[in-house]
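Protein chains in written order, with the numbering used here: chain A, 994 to 1201; chain B, 994 to 1201.
The C-beta atom is built at its ideal place from N, Cα and C for all residues, glycine as well.
As structure tokens, the structure follows; a few thoughts come after it.
Number of protein chains: 2
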Amino acid sequence: MELDPKNTQAVLVAQEIRTLILNGVFTPGQPLRQDALCERLNVSRTPLRHALQSLAEDGLVEVAGFKGARVAILDQGMVDDLFQMRMLLEPLALQSALPRLTKVDFAKAEMVLDAAEAEQEPSRLSQLNWDFHRALYGPSNRETLMRTIQQINTASAFAEVIANSIGARRSDSADEHRRLLEACRAGDQASASSLLTDHLRRAHVAVQ
Amino acid sequence: MELDPKNTQAVLVAQEIRTLILNGVFTPGQPLRQDALCERLNVSRTPLRHALQSLAEDGLVEVAGFKGARVAILDQGMVDDLFQMRMLLEPLALQSALPRLTKVDFAKAEMVLDAAEAEQEPSRLSQLNWDFHRALYGPSNRETLMRTIQQINTASAFAEVIANSIGARRSDSADEHRRLLEACRAGDQASASSLLTDHLRRAHVAVQ
DNA sequence: CAAAATCAGATTGGATCCAATTATGGAATT
DNA sequence: AATTCCATAATTGGATCCAATCTGATTTTG
């Protein structure tokens, strides 16, 4: 019933570069030369180019024909779009998932929150943030909706890392996550929705 | 001021395959062998693989590692997700664009509608449909929002072609488009929004 | 001297070849 | 006869090589 995780070099390299970008090793606007990345990551240009294309879809890099790839430069409009979309789509996913959430899901979400409190590295912290949200949305079983939300989350996480709000808001964000989790546990749809929207609004403001 | 259209073989081939899928030449579930496509489209496998990856992002093909690519199979849940997302995101884009719409935009939209009335081929018709919506949303200048909407529209157009609703609803859809355009011309935000939502709801129902 | 043209180097996109994985068919075994 | 096992073919992913495009400096020209 599981579809193969596709352990191909292209996706592994994409993940490596994603980590490098989220950790600030590669900064916005920085050119990403294919040969340099190949040597650094020990792969040929074929999987690397697929990785760059994949990262471009996520909005982490911008690629112009024959001109090469650069780490994406986020402007305010882009950030506004990302968070406004999240505020529309994520409550929908949460509403669909809420009636299906089980003790196991809550436990998973709580474990993720605990792990996040101990994590410092931006890339891993944003991964844990997404893991938390996914734990709550995933049981909706709405794969297409989830795919879009995940894509937007990746770019949004990038914006938070750039603005360093992911570090500055660590504690507040953790509190908001825990309150949201409790509302979900209680099955309170209205509270959960409004807590989620507030959480996203604050995250948005912190990035500006 | 224009960014290069990236006239690379990979994107040209992607467009060709997209057309073949939307026109029903390739049917859902059909395996897409790389060598066969290469011979048919007269390109090597390198740009073809990039094209397949790009189509996978659009949700038109599914690709599993080492197992090859297939034309995507749409289920009801996927269709529901697509239209529900459209109903959330497109009114937002329209609201942002409305105050900025000019005579030129309206003229463009009307030209597209006229062209659509004379068009039969599904792939071109769905392109014109998107052109119309883009004419109304584009002046919002919200590139990130537009990118997400376009992506969802591509998959949604595929669903409409499969269900043949793009043909069956041609006349109704044209009427709804013209009414929406008039509301925009009048600068009536509330009407425009509700007409758009209705339009999308009917398109959704017609696909089921 | 400024601006346009041009030429060399650097860099990306595409074609071809090789390696890794999966699918297929037949033989061996029970 | 059905099933497992294994070998071979088919297919995809990756590495390397070639072609096309861009970049930068130098030269040429007004």
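Output the boundary residues of the alpha helix (DSSP H) element that contains residue i.
i: ARG1172/B; result: 1163-1178
i: ALA1183/B; result: 1182-1200
i: ALA1148/A; result: 1136-1155
i: VAL987/A; result: Nothing about residue 987/A can be read from this structure; chain A reaches only from 994 to 1201.
i: GLU1083/A; result: 1069-1090
i: GLN1046/B; result: 1038-1051
Taking a contact to mean a Cβ-Cβ separation below 8 Å, would you say residue i touches residue j in this structure?
i: HIS1043/B; j: ALA1086/B; result: no
i: GLU1050/A; j: ALA1065/A; result: no
i: SER1207/A; j: ARG1093/A; result: Summary: the structure shown does not reach residue 1207/A, with chain A confined to residues 994 through 1201, and so no result is reported for it.
i: ALA1196/B; j: PHE1076/B; result: yes
i: PRO1040/B; j: VAL1072/B; result: no
i: PHE1151/B; j: ILE1014/B; result: yes
i: SER1158/B; j: VAL1200/B; result: yes
i: THR1141/B; j: THR1190/A; result: no
i: GLU1103/B; j: LEU1173/B; result: no
i: SER1116/A; j: THR1012/A; result: yes
i: GLN1046/B; j: GLN1046/A; result: yes
What residue range does the beta strand (DSSP E) around residue i cover?
i: ALA1062/B; result: 1061-1064
i: VAL1006/A; result: Here VAL1006/A belongs to no beta strand (DSSP E); instead the alpha helix (DSSP H) covers 1002-1015.
i: GLU1032/A; result: Run containing GLU1032/A: none in the beta strand (DSSP E); it sits in the alpha helix (DSSP H), 1027-1034.
i: GLU1114/B; result: No beta strand (DSSP E) contains GLU1114/B, which DSSP labels as neither H nor E.
i: VAL1056/B; result: 1054-1057
Any idea if residue i is buried or exposed, counting beta-carbon neighbours within 10 angstroms, 16 or more meaning buried?
i: PHE1059/B; result: exposed
i: ARG1127/A; result: buried
i: ARG1135/A; result: buried
i: ALA1026/B; result: The displayed chain sequence assigns Arg, not Ala, to residue 1026/B. With fewer than 16 other Cβ atoms within 10 Å, it is exposed.
i: GLN1120/A; result: buried
i: THR1147/A; result: buried
i: VAL1198/B; result: exposed
i: ASN1122/A; result: buried
i: LEU1193/B; result: buried
i: ALA1185/B; result: buried
i: GLY1052/A; result: buried
i: SER1164/B; result: exposed
i: MET994/A; result: Its pLDDT being 42, under 50, MET994/A is placed unreliably by the model, and nothing is read from it.
i: ARG1033/B; result: exposed
i: LYS999/A; result: exposed
i: THR1020/A; result: exposed
Figure out for me which residue from the options has the closest Cα to the Cα of residue i.
i: VAL1097/B; options: PHE1125/B, GLN1144/B, ARG1026/B and THR1039/B; result: PHE1125/B
i: ASN1016/B; options: HIS1192/B, ARG1140/B and VAL1154/B; result: VAL1154/B
i: ARG1063/B; options: GLN1201/B, ALA1029/B and ASP1168/B; result: ALA1029/B
i: GLN1008/B; options: VAL1018/B, PRO1024/B and LEU1048/B; result: LEU1048/B
i: TYR1130/B; options: LEU1118/B, ARG1079/B, ASN1035/B and PRO1021/B; result: ARG1079/B
i: MET992/A; options: ASP1074/B, LEU1045/B and SER1089/B; result: In the structure as shown, chain A starts at 994 and stops at 1201, and residue 992/A therefore has no counterpart that could be examined.
i: THR1095/A; options: SER1158/A, GLY1052/A, CYS1177/A and MET1071/A; result: CYS1177/A
i: SER1187/A; options: VAL1036/A, ALA1057/A, LEU1081/A and SER1037/A; result: LEU1081/A
i: GLY1022/B; options: LEU1034/B, LEU1106/B and ALA1057/B; result: ALA1057/B
i: ALA1183/A; options: GLY1070/A, ALA1108/A, LEU1091/A and GLN1143/A; result: LEU1091/A
i: GLY1070/A; options: GLY1070/B, ASP1068/B and SER1089/B; result: SER1089/B
i: GLY1160/B; options: LEU1118/B, ALA1179/B, PHE1019/B and THR1001/B; result: LEU1118/B
i: ARG1038/A; options: LYS1101/A, GLY1061/A, THR1137/A and PHE1019/A; result: GLY1061/A
i: ALA1108/B; options: ALA1156/B, ALA1167/B, LEU1067/B and THR1137/B; result: ALA1167/B
i: VAL1036/A; options: THR1001/A, VAL1018/A, ALA1179/A and PRO1024/A; result: THR1001/A
i: ASP1068/A; options: ARG1162/B, ALA1156/B, THR1137/B and LEU1067/B; result: THR1137/B
Tell me, please, whether the segment 1112-1121 of chain A touches the segment 1077-1096 of chain A by the rule of three or more beta-carbon pairs shorter than 8 Å. no
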